[in-house]
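Please read the structure below before turning to the comments.
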Amino acid sequence: MNGKGTILVTGGAGFIGAHTSVELLGEGYDVVVLDNLVNSKREAIRRIERIAGRPVSFVEGDVRDTALLERVFDAHPITATIHFAALKAVGESVAKPLAYFRNNLEGLLAVLDVMARRDVKQFVFSSSATVYGDPHTVPIDESFPLSATNPYGQTKLIAEQVLRDLLISDPSWRIATLRYFNPVGAHESGLIGEDPQGIPNNLMPYIAQVAVGRLAKLRVFGGDYPTPDGTGVRDYIHVADLARGHLAALDELQRRPASFTVNLGTGQGYSVLEAIQAFEKASGKTIAHEIVARRPGDIAACYANPAAATNLLGWRAERDLAQMCVDQWRWQSGNPAGYTAEAD
Ligand code: NAD
Ligand code: WQD
């Protein structure tokens, strides 16, 4: 234990949680990860510890289990929670809305309940640019109207409302709501990265799996959007920059008794074709692709105005698309099948 405090990281074995845990440990925080491994592997925890050179307290379990949460708070002097644990596949959420509402909202409520009982009221929440629905224009700032286009997005929208209402009822909470744009890339060590189960839904992991030979060809969803080259434009942000954003948010919560909601993006939009080119350059591989019909529910362009995060937190994304691709390729080529336990 040390002076910085102990952070409960729910979903800390997952993509963003693992990178954030590494940053927290590096800054001198102690980290307790609570994860049921529904979309991650225990090996991620070993890799986090290897990078950081320090142990993680890992608890395998469900965030909806309030008795377990109570035991976690009994066993560790937790000072704040970063709540990543959620299901996040948009298509699956359309097919299984109840599973998404139960997991993402019951999980949030259970964590907040136990925190309130323990009088631990610093909370960082993983929200998403999905709460802007189909934005009327870009770049997107935090004052834009909110809406949801699928059940996953609804869980984030409702979660944000829960947090606003909680704050009204008890202003002693300090809550950072972070709206992520499109997190990609991997830790520069190549030891941790995104490890999607089954066929990836998201662009960068799909491209990376084509590059490594796991998948044959990328389907580019739509070539007729009102964008410069007709393909969808997104704000890809390096996961290491995103992880640092969480530390900046925690610092701010500790500095003053205020809650806030900020976008975490680069402010720069890239098309699908630009992402393919950048990845080809980083990997030296050709990414076979063909343009097919639009994916239902997709929007043309989505990128952040990240000024609020810079002004409030002194944070800005530093790594460019080329770096995102280099790091994603290091992870993918070094771990072609994702996390597999090493003989140890
Ligand atoms: P991820 O699936 O890699 O990580 C989520 C982790 O939570 C997984 O390890 C999973 O096993 C765990 N988990 C899920 N339900 C749980 C439960 N009931 N109890 C305990 N653990 C549980 O996803 P990620 O990309 O790291 O996303 C982290 C958070 O950020 C999520 O809340 C997600 O909705 C949000 N987010 C992600 C993106 C993105 O594109 N990756 C964008 C915006 C917001
Ligand atoms: C990016 C671009 C696709 C796959 C999703 C969620 C969002 C957030 C981040 C959590 C789009 C195109 C993709 C493929 C393609 N998650 N594409 N072929 O849709 O911006 O956001 O993840 O909060 O809520 O909706 O990300 O990576 O799926 O797509 O052409 O095989 O790549 O059409 O233009 P998206 P993505």
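Counted the way full-length UniProt numbering counts, the sequence shown spans residues 1 to 344. Note that CB positions come from ideal geometry on N, CA and C, so glycine has one too.
With contacts defined by Cβ atoms closer than 9 Å, Ala-85 and Leu-166 do not form a contacting pair. Contact between Leu-69 and Ala-176 fails: their C-beta atoms lie close to 20 Å from each other, not under 8 Å.
Excluding its 5 nearest sequence neighbours in each direction, Ile-16 has C-beta neighbours in its own chain below 8 Å: Phe-84, Ser-126, Tyr-180, Pro-183, Val-239, Leu-242 and Ala-243, listed in chain order. Counting only the Cα atoms, Val-131 lies some 25 Å from Asp-251. Distances between the C-beta of Val-56 and the heavy atoms of the ligand NAD are all 8 Å or more.
With a threshold of 8 Å, the Cβ atom of Phe-144 does not count as near the ligand NAD, since no heavy atom of the ligand is closer than that. Under the three-pair Cβ rule at 8 Å, the segment 116 to 123 does not count as touching the segment 87 to 95.
Under the three-state reduction of DSSP output, Pro-183 falls in the strand class.
Ranked by how close their Cα comes to the Cα of Ala-288, the residues Phe-279, Phe-101 and Leu-112 have Phe-279 in first place. In the displayed model, Asp-141 falls within coil according to three-state DSSP, outside both helix and strand.
DSSP places Val-56 in the coil class of the three-state scheme, outside both helix and strand.
Judged by DSSP in its simplified three-state form, Ser-259 adopts coil rather than helix or strand.
Annotation for Ser-283: the continuous alpha helix (DSSP H) segment containing it runs 272 to 283.
The shortest C-alpha to C-alpha distance from Pro-135 to any of Val-124, Leu-25 and Ser-147 is the one to Ser-147. At a threshold of 8 Å, Gly-222 counts as near the ligand WQD, since its beta carbon sits closer than that to one of the ligand's heavy atoms. In this structure, Tyr-180 has its beta carbon less than 8 Å from a heavy atom of the ligand NAD. Distances taken from the Cβ of Arg-64 to the heavy atoms of the ligand NAD include one shorter than 8 Å. For Thr-79, the enclosing beta strand (DSSP E) covers residues 78 to 83. The alpha carbon of Pro-226 has as its nearest neighbour, out of Asp-298, Ile-168, Leu-312 and Ile-7, the alpha carbon of Asp-298. For Gln-277 and Cys-302, the gap between their C-alpha atoms comes out near 19 Å.
Between the ligand WQD and the CB of Pro-200, the shortest heavy atom gap is smaller than 8 Å.
For the pair Ala-308 and Ile-207, the CB atoms are not nearer than the 9 Å cut-off. In this structure, the C-beta of Met-324 stays at least 8 Å away from each heavy atom of the ligand WQD.
For Asn-150, the CB contacts under 7 Å within the same chain, skipping 5 residues up- and downstream, are Val-90, Ser-93, Val-94 and Gly-297 in chain order. Spatial neighbours of Ala-52 in its own chain (CB-CB distance under 8 Å, excluding positions within 5 residues in sequence) are listed in chain order as Ser-21, Val-22, Leu-25 and Gly-26. Separation of Leu-157 and Glu-60 (C-alpha to C-alpha, rounded to the nearest whole angstrom) is 27 Å.
Nearest Cα to His-187 within the set Trp-329, Gly-232 and Tyr-29: Trp-329. Relative to the non-hydrogen atoms of the ligand WQD, the Cβ of Ser-333 never comes closer than 8 Å to any of them.
Counting only the Cα atoms, Val-63 lies some 30 Å from Pro-306. In this structure, Leu-178 lies away from Tyr-236, with their beta-carbon atoms at least 9 Å apart.
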